[in-house]
Amino acid sequence: MIEIISVANQKGGVGKTTTAVNLAASIAITEKKVLLIDADPQANATSSLGFLRSDYEYSLYHVLIGSKDINDTILNTLIPTLDLVPSNIGLAGIEKESEYLDKKELTLKERIKELKEDYDYIIIDTPPMLGTITINALSASDSVIIPIQTEFFALEGLAQLLNTIKLVQRTKNPKLKIKGLLPTMFSKSNNLSKQVFQDLINHYSSKLFKNKKSGKYIYIPRNVRLAEAPSFGKPVILYDIKSSGALAYELLAKTIIEEAEQ
Ligand code: ADP
Ligand code: MG
Numbered sequence: 001m002i003e004i005i006s007v008a009n010q011k012g013g014v015g016k017t018t019t020a021v022n023l024a025a026s027i028a029i030t031e032k033k034v035l036l037i038d039a040d041p042q043a044n045a046t047s048s049l050g051f052l053r054s055d056y057e058y059s060l061y062h063v064l065i066g067s068k069d070i071n072d073t074i075l076n077t078l079i080p081t082l083d084l085v086p087s088n089i090g091l092a093g094i095e096k097e098s099e100y101l102d103k104k105e106l107t108l109k110e111r112i113k114e115l116k117e118d119y120d121y122i123i124i125d126t127p128p129m130l131g132t133i134t135i136n137a138l139s140a141s142d143s144v145i146i147p148i149q150t151e152f153f154a155l156e157g158l159a160q161l162l163n164t165i166k167l168v169q170r171t172k173n174p175k176l177k178i179k180g181l182l183p184t185m186f187s188k189s190n191n192l193s194k195q196v197f198q199d200l201i202n203h204y205s206s207k208l209f210k211n212k213k214s215g216k217y218i219y220i221p222r223n224v225r226l227a228e229a230p231s232f233g234k235p236v237i238l239y240d241i242k243s244s245g246a247l248a249y250e251l252l253a254k255t256i257i258e259e260a261e262q
């Protein structure tokens, strides 16, 4: 069964793209078939996997305006089981064309149905706003992962995001679930980081990812390898497989796969 997971948070710089790319890669490395859809006009997930604008002609933009079949936009990555639908800045225009809102919100969901390849997972990276594209992605998804940067103001905006998710559940996609809140850039030696993590445990413990075996909460540590890997056009597992960042995304991937197979 295909599982579609959006990675969303309207705050920028919280680790959405890092999570989408590295979770997709960590699932794909277990030989599951994964499609990463870059739905952010900034195309950071696309460039993180090593693609420059000149490397591809068509993107999600062309799919959403109906001028290209989604199957014709798919790029193969360094991991044979990981494919990518790239993005480009043209996608930003879709946010502004509100007259297409209702039609377009159906679009990503409908286009995913047209995929010819059998994927086990589709991971969607979303832009830092609760606009048309994010609503479109949430409407197409089974679940959503919410990365939370364990720094000052981390929880600001979370209530608004949870309300948007409720609205999508009510109006467009009743089966949408919160897969989990994912603390990112966690630093044990930083008191503020620890405080934010504790706040998350106090208020949202049931929504945090947990490792079944150890019973421990899953988080992504602050790790420079995660920040360096995109400039080499690689997910962190192909850049430094032993880094704490790679191990954290591997554990997250394992937890998600085990949950699905229960
Ligand atoms: P978003 O997609 O939410 O805007 P990104 O994933 O692009 O956030 O992350 C923002 C910046 O922080 C990027 O430069 C990224 O490389 C870096 N970053 C993300 N997660 C980590 C981490 N766990 N440790 C260190 N740097 C990180
Ligand atoms: Mg991003």
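Quick note: the UniProt record's numbering has the sequence shown finishing at residue 262, numbered continuously throughout.
We treat Cβ as the ideally placed atom computed from N, Cα and C, and that holds for glycine.
For SER231, the three-state DSSP class (helix, strand or coil): Within the sequence shown, the letter at position 231 stands for residue 231. Annotated three-state conformation of SER231 is helix, per DSSP.
Where ASP69 sits in the DSSP three-state scheme: Here the question's residue 69 lines up with position 69 in the sequence shown. Note: ASP69 maps to coil in three-state DSSP.
Meets three-Cβ-pair contact criterion under 8 Å: the segment 188-195 and the segment 7-17: In short, these stretches do not touch, since the Cβ pair count stays below three.
Inter-residue Cα distance where the pair is GLU114 and VAL63: Reading the sequence shown from its first residue, position 114 is the one you call residue 114. Reading the sequence shown from its first residue, position 63 is the one you call residue 63. The straight-line gap from Cα to Cα measures roughly 11 Å.
Close Cβ partners of LYS96 (< 6 Å) along its chain, the five nearest in sequence each way excluded: Reading the sequence shown from its first residue, position 96 is the one you call residue 96. Cβ neighbours of LYS96 beyond the five flanking positions: none.
Segments of 4+ residues assigned as alpha helix (DSSP H) that fall wholly inside the segment 145-222: 158-171, 191-204, all fully within the segment 145-222.
LEU226 beta carbon near the ligand ADP (any heavy atom closer than 7 Å): One-based indexing of the sequence shown puts residue 226 at position 226. Because some heavy atom of the ligand ADP lies under 7 Å away, the Cβ of LEU226 counts as near it: yes.
Exposure label - PRO41; buried when at least 16 CB within 10 Å: As a first step, residue 41 must be located in the sequence shown, where it is residue number 41. So PRO41 ends up on the buried side.
Any non-hydrogen atom of the ligand MG closer than 7 Å to THR17 Cβ: If you number the sequence shown from 1, residue 17 lands on position 17. Taking non-hydrogen atoms of the ligand MG into account, the C-beta of THR17 is found less than 7 Å away from one of them.
Buried or exposed (CB count within 10 angstroms, at least 16 for buried), MET1: Stepping through the sequence shown from its first residue, residue 1 is reached at position 1. By the neighbour-count definition (other C-beta atoms within 10 Å, threshold 16), MET1 is an exposed residue.
Residues that DSSP places opposite residue 265 in a beta bridge: The structure shown has nothing for residue 265, since the chain only spans 1 to 262.
Option in GLY93, ALA92, ASP69, ILE94 with minimal Cα separation from residue 269: A question about residue 269 goes unanswered here, because the residues of the chain that appear run from 1 up to 262.
Validate contact between the segment 25-39 and the segment 116-133 using beta carbons, cut 8 Å, 3 pairs: Under the 8 Å Cβ criterion, the segment 25-39 counts as touching the segment 116-133, having at least three qualifying pairs.
Selected residue, minimal CA-CA separation from GLU258, among LYS242, LEU247, ASN211: Residue numbering aside, residue 258 sits at position 258 when the sequence shown is read from its first letter. Comparing Cα-Cα distances from GLU258 to each of LYS242, LEU247, ASN211, the minimum goes to ASN211.
Cβ pair LEU52, THR77 closer than 8 Å: For this step, residue 52 is matched to residue 52 along the sequence shown. For this step, residue 77 is matched to residue 77 along the sequence shown. Contact: no.
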